[in-house]
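All residue numbers for the sequence shown refer to my numbering, where the first residue is 454 and numbers rise by one. First the structure, in the form of structure tokens, and then the observations on it.
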Amino acid sequence: MEQAQMTAIYERMKNTVYRTALSYCRNIQDAEDITHDVFLIRFRREEPFPDAESEKAWMLRVTVNRCKNLLKSFRRRFSVPLDDAAKVCVTDAEHTLWDAVNALPAKYRLVIHLYYYEGYSVREIGQITKRSETAVQTQLYRARKLLKQQLGEELEL
């Protein structure tokens with residue numbers, strides 16, 4: 454793969470991959486490491502993708518898998534998390550919402566992130582997470598319910 458192609462892919466996907474990793478791991482340093490790993494894996498892949506959406510879905514799947522592997526790792530289970538993710542937020546409302554979303558269990562956090570922050574449909578989230586559309590809809594419903602309980606009526610999703 455040529456340098457220009459790698460640069461174009463990186464510029465197009467860096468924020469999406471990083472935000473997904475940050476949402477899943479809730480740790481800036483781990484998200485940066487995973488982002489780095491995902492791009493190394495992508496650049497080593499020889500097979501072309503049929504279109505940009507296929508490539509994006511593949512990269513998000515790799516990102517989620519790397520996050521899961523990290524969270525299962527020995528190092529992660531026996532370390533103290535660095536809660537720097539709050540620095541990403543700008544306003545009090547965003548900070549409150551960010552904290553509420555990060556307080557959700559991982560399976561809900563991921564679907565909320567992919568649906569609201571990345572703009573994926575329920576069908577696409579199902580393909581990325583390897584869950585049925587019904588399971589994704591149920592997780593979105595339960596996540597919204599939990600957020601509503603945490604935040605009250607002050608923030609509408």
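Glycine included, every Cβ here is placed at the ideal spot set by N, Cα and C. All figures in this text were calculated on a predicted structure; none of them were measured in a lab.
Nearest residue (CA-CA) to residue i, options the options
i           : options            : result
residue 477 : 493, 567, 465      : 567
residue 599 : 514, 559, 479      : 559
residue 464 : 482, 583, 489, 481 : 489
residue 498 : 482, 548, 479, 462 : 462
residue 522 : 602, 547, 487, 604 : 487
residue 513 : 548, 552, 481, 472 : 472
residue 605 : 581, 502, 553      : 553
As assigned by DSSP and simplified to three states, the class of residue i
i           : result
residue 495 : helix
residue 476 : helix
residue 504 : coil
residue 455 : coil
residue 557 : coil
residue 579 : helix
residue 573 : coil
residue 584 : coil
Rounded Cβ spacing between residue i and residue j (contact assumed at less than 8 Å)
i           : j           : result
residue 509 : residue 466 : 7 Å
residue 596 : residue 550 : That belief does not hold up - the Cβ atoms of residue 596 and residue 550 are roughly 12 Å apart, past 8 Å.
residue 581 : residue 573 : 7 Å
Exposure label - residue i; buried when at least 16 CB within 10 Å
i           : result
residue 592 : buried
residue 577 : buried
residue 533 : In this predicted model, residue 533 has a pLDDT of only 46, less than 50, meaning its place in the structure is not dependable enough to derive any value.
residue 468 : exposed
residue 474 : buried
Cβ pair count under 8 Å reaching 3, the segment 586 to 594 against the segment 481 to 493 = With a cut-off of 8 Å, the segment 481 to 493 and the segment 586 to 594 do not count as touching, because too few Cβ pairs lie within range.
message = Quick check: the segment 499 to 506 against the segment 560 to 575, are at least 3 beta-carbon pairs closer than 8 Å?
response = The segment 560 to 575 is not in contact with the segment 499 to 506.
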